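Written out below as structure tokens is the structure these notes cover.
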Amino acid sequence: MSAYLDQERDTPLHRLNPVAKLLVFSCFILTATLYLDVAVPLTFLIVSWLLGWVFAHISPLVLMRRLSPILAAAMGLAVFNTLFYGGPREHLIVALGPIHIWREGLQIGGSIGLRILCVASYSILYMWTTDPSRLVASLMQQARMPYRLAYAVLAAYRFLPILQREWGHIQAAQQVRAAHLSRRESGLRRVIRSGMPLLVSGIRQAERLAIAMDARAFGALPRRTHYIRTHMKASDYAFTVASLAACGLILLALSELGLLRSFLVGVAESVAGAPQ
Amino acid sequence: MAQERFDLGLARWTTREIIVMAVISVALGLIFMAYGVLYLALVPFLGQVGIMLLLGFYYLTGILVPYIVRRPGAALVASFLAAFTELLAGSPFGIAAVWAGLVQGAGAEVVFALRGWRDYRLPVLMGAAVLSGVFAYVYEYFLLSYAVLEPTVQLGLFLVRIPSAIVLAGWLGKVLGDGLARTGVLRGLAITRSRS
Numbered sequence: 004m005s006a007y008l009d010q011e012r013d014t015p016l017h018r019l020n021p022v023a024k025l026l027v028f029s030c031f032i033l034t035a036t037l038y039l040d041v042a043v044p045l046t047f048l049i050v051s052w053l054l055g056w057v058f059a060h061i062s063p064l065v066l067m068r069r070l071s072p073i074l075a076a077a078m079g080l081a082v083f084n085t086l087f088y089g090g091p092r093e094h095l096i097v098a099l100g101p102i103h104i105w106r107e108g109l110q111i112g113g114s115i116g117l118r119i120l121c122v123a124s125y126s127i128l129y130m131w132t133t134d135p136s137r138l139v140a141s142l143m144q145q146a147r148m149p150y151r152l153a154y155a156v157l158a159a160y161r162f163l164p165i166l167q168r169e170w171g172h173i174q175a176a177q178q179v180r181a182a183h184l185s186r187r188e189s190g191l192r193r194v195i196r197s198g199m200p201l202l203v204s205g206i207r208q209a210e211r212l213a214i215a216m217d218a219r220a221f222g223a224l225p226r227r228t229h230y231i232r233t234h235m236k237a238s239d240y241a242f243t244v245a246s247l248a249a250c251g252l253i254l255l256a257l258s259e260l261g262l263l264r265s266f267l268v269g270v271a272e273s274v275a276g277a278p279q
Numbered sequence: 012m013a014q015e016r017f018d019l020g021l022a023r024w025t026t027r028e029i030i031v032m033a034v035i036s037v038a039l040g041l042i043f044m045a046y047g048v049l050y051l052a053l054v055p056f057l058g059q060v061g062i063m064l065l066l067g068f069y070y071l072t073g074i075l076v077p078y079i080v081r082r083p084g085a086a087l088v089a090s091f092l093a094a095f096t097e098l099l100a101g102s103p104f105g106i107a108a109v110w111a112g113l114v115q116g117a118g119a120e121v122v123f124a125l126r127g128w129r130d131y132r133l134p135v136l137m138g139a140a141v142l143s144g145v146f147a148y149v150y151e152y153f154l155l156s157y158a159v160l161e162p163t164v165q166l167g168l169f170l171v172r173i174p175s176a177i178v179l180a181g182w183l184g185k186v187l188g189d190g191l192a193r194t195g196v197l198r199g200l201a202i203t204r205s206r207s
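Heads up: the protein sequence lines correspond to chains A and S, in order. Counting from 1 along the first sequence, just add 3 to a position and that's the residue number in this note's numbering. Counting from 1 along the second sequence, just add 11 to a position and that's the residue number in this note's numbering.
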């Protein structure tokens, strides 16, 4: 599975505390979301490639290639936001019958398209550099997630490959019986037809697993010990603080260059500009 | 009995309820990933507003799991777990999906809470699905800056998802839940106890 290609490597980004990394990445995504110009999401997109390159030895080209399937979705959103832009407008670029393209709309469309690429880039970089078991351990130990929920997550994670294989079996079994050839079947029925057996077999296995866990006194005590221990080391704090500071510096630099247009200003303008 | 500082009420769940919730959420998370490919492929044909007709399916976890285990917190936790599965399985929208899952689950949870976590009849399930959609809209309003769109388009993005939520989450949740109960795998869980 290509999704897990690089999880096992040992680089600074792999060693980073998973919760700290989630916090920093979420913060970058949030910042890219708060601005309506092209510069901010583009900068943070490039930052994600640099982060992967410098701290995880992942070539930007590999990350870009993984992003290519999202490109169509991002471009679709960009076109949609350009065509249906409803904020203040001054510079008309194209007027073709009912279609009007404004420079302001094009800019915001581009910004939102890049924003989606930004979300995707950080999500992919996150999963490429994070071991799921460490992520859950860290959610328990640093983010104070209740351990019953965390073990449910871990158990569920163990189920992922099992359910994936099961899904293949169900599809194959139904194909053998030519269930997919039935013409008078709505899309909804099709979802139910293959979804139900997956859920039923999953629930059967869940019952067995629950008995095994109960037999080992799962959940009998309010506290528990951990096999995988995660910590917030000095380097984790340093990375978090440095990243957030870099985030602020990037915004400062962009605003000095006159490239910033904040989301809230955009909302205020579009509300004020709506009656026109 | 000593309590965890923050346990979301999970201490009162049986182990079986927890694991069944987890498995259903993971299975739905996988189905959501397959569905997402189809969803993105259909955007050019239905348009960004029209595709909202398919969006309601993503609220299903927050309806089906509470309908089966009938515990406070089930909608929120299950919805989070399904989204977390997408992150673990390498979905390109993983981090945004996790936050969306929490927001959608919170929407459904509010409706179940208003009925005291006792009433799981079809109208309540549909109401929970609709509020999931409303909460998700607020989240997307910020993530995708709906504010800059024309007001009629904003309204369309909001309204079109409502019938979708009612059918693909509310109604489908009940159908799947009842179907699973009929197979017998849910024996002993709240959904089978209620229908004496």
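Backbone N, C-alpha and C define an ideal beta-carbon position, used for all residues, glycine too. Quantities reported herein were computed from a predicted structural model and do not represent experimental measurements.
{"Item": "Got a sec? Which residues, its chain only, sit under 7 angstroms from M44/S by beta carbon, not counting five neighbours each side?", "Value": "E97, A100 and S102"}
{"Item": "Taking the alpha-carbon positions, what's the F31/A to L45/A distance?", "Value": "12 angstroms"}
{"Item": "Can a CB atom of chain A be found closer than 9 angstroms to the CB of E161/S?", "Value": "yes"}
{"Item": "Please state the DSSP three-state secondary structure of W24/S.", "Value": "coil"}
{"Item": "Is the Cβ of G105/S closer than 9 angstroms to any Cβ of chain A?", "Value": "yes"}
{"Item": "If you draw a straight line from the C-alpha of M12/S to the C-alpha of Y78/S, how long is it?", "Value": "Confidence at M12/S is low in this model, with a pLDDT of 34, below 50, so its placement is unreliable and no value can be given for it."}
{"Item": "With distances taken between CB atoms, is the gap from M137/S to L92/S smaller than 9 angstroms?", "Value": "no"}
{"Item": "On the three-state DSSP scale, how would you describe I61/A?", "Value": "coil"}
{"Item": "Sort out for me which residues DSSP pairs W105/A with in a bridge.", "Value": "L95/A"}
{"Item": "When you compare only the Cα positions, how much space is there between P162/S and Q110/A?", "Value": "19 angstroms"}
{"Item": "Of all the CB atoms in chain A, is at least one closer than 9 angstroms to the CB of T203/S?", "Value": "no"}
{"Item": "Suppose you measure from the CA of E151/S to the CA of L191/S; what does that come to, to the nearest Å?", "Value": "32 angstroms"}
{"Item": "Ignore the nearest five residues each way along the sequence and tell me which others in I62/S's own chain have a CB closer than 8 angstroms to its CB.", "Value": "Y50, L53 and V54"}
{"Item": "With C-beta atoms as the reference, is V141/S less than 9 angstroms away from I106/S?", "Value": "no"}
{"Item": "Using a Cβ-Cβ cutoff of less than 8 angstroms, which residues in the same chain neighbour N20/A once the five nearest sequence positions on both sides are dropped?", "Value": "S141, Q145, T233, H234, M235, K236 and D239"}
{"Item": "Closer than 9 angstroms, CB to CB, is S29/A near chain S or not?", "Value": "yes"}
{"Item": "Taking any Cβ of chain S, which residues in the region 120–153 of chain A have a Cβ under 7 angstroms from it, in chain order?", "Value": "V122, A123, Y125, S126, I127, Y129, M130, P135, R147, P149, R151 and L152"}
{"Item": "Indicate whether I173/A and L201/A have their beta-carbon atoms separated by less than 9 angstroms.", "Value": "yes"}
{"Item": "Using a Cβ-Cβ cut-off of 8 angstroms (strictly less than) and excluding sequence neighbours within five positions of F68/S, which residues of its own chain qualify?", "Value": "F43, Y46, S175, L179, A180 and L183"}
{"Item": "Please report the straight-line C-alpha distance between S228/A and G40/S, rounded to a whole angstrom.", "Value": "Note on residue identity: the sequence assigns Thr, not Ser, to residue 228/A. If I take the Cα positions, the gap works out to 29 angstroms."}
{"Item": "If the cut is a Cβ gap below 7 angstroms, which residues of chain A does F153/S touch?", "Value": "T36"}
{"Item": "State the CB to CB distance for the pair V186/S and I206/A, rounded to an integer number of angstroms; the pair is presumed to be in contact (CB under 8 angstroms).", "Value": "That belief does not hold up - the Cβ atoms of V186/S and I206/A are roughly 16 angstroms apart, past 8 angstroms."}
{"Item": "Per the contact definition of three or more C-beta pairs closer than 8 angstroms, is the region 156–164 of chain A in contact with the region 93–108 of chain A?", "Value": "no"}
{"Item": "For L95/A, which residues in the same chain have their Cβ closer than 7 angstroms to its Cβ, ignoring the five residues on either side in sequence?", "Value": "H103 and W105"}
{"Item": "Apart from the five residues just before and just after R27/S, which ones in its own chain have a Cβ nearer than 6 angstroms to its Cβ?", "Value": "none"}
{"Item": "Please check if any C-beta of chain A sits within less than 9 angstroms of the C-beta of I177/S.", "Value": "no"}
{"Item": "Would you kindly work out how many angstroms separate the C-alpha atoms of L137/A and P225/A, rounded to a whole number?", "Value": "According to the sequence shown, residue 137/A is Arg rather than Leu. When rounded, the distance between both Cα atoms is 21 angstroms."}
{"Item": "Between the beta-carbon of V27/A and the beta-carbon of I253/A, is there less than 9 angstroms?", "Value": "no"}
{"Item": "Between the alpha carbons of F153/S and L125/S, how many angstroms are there, rounded?", "Value": "27 angstroms"}
{"Item": "Taking the alpha helix (DSSP H) that L92/S falls in, what are its first and last residues?", "Value": "A85 to L99"}
{"Item": "Let me know the secondary structure DSSP gives Y131/S once reduced to three states.", "Value": "coil"}
{"Item": "Where do the N-terminal and C-terminal ends of the alpha helix (DSSP H) with A237/A fall, by residue?", "Value": "A237 to E259"}
{"Item": "With burial defined as no fewer than 16 other Cβ atoms inside 10 Å of the residue's Cβ, what is the status of D40/A: buried or exposed?", "Value": "buried"}
{"Item": "Write down every uninterrupted run of the alpha helix (DSSP H) in the region 172–221 of chain A whose length is 4 residues or greater and which is fully enclosed by it, in chain order.", "Value": "190–218"}
{"Item": "If the cut-off is 7 angstroms on Cβ atoms, which residues from the region 39–70 of chain A count as contacting chain S, listed in chain order?", "Value": "L39"}
{"Item": "Determine contact between the region 106–120 of chain S and the region 111–129 of chain A, defined as no fewer than three beta-carbon pairs at a distance below 8 angstroms.", "Value": "yes"}
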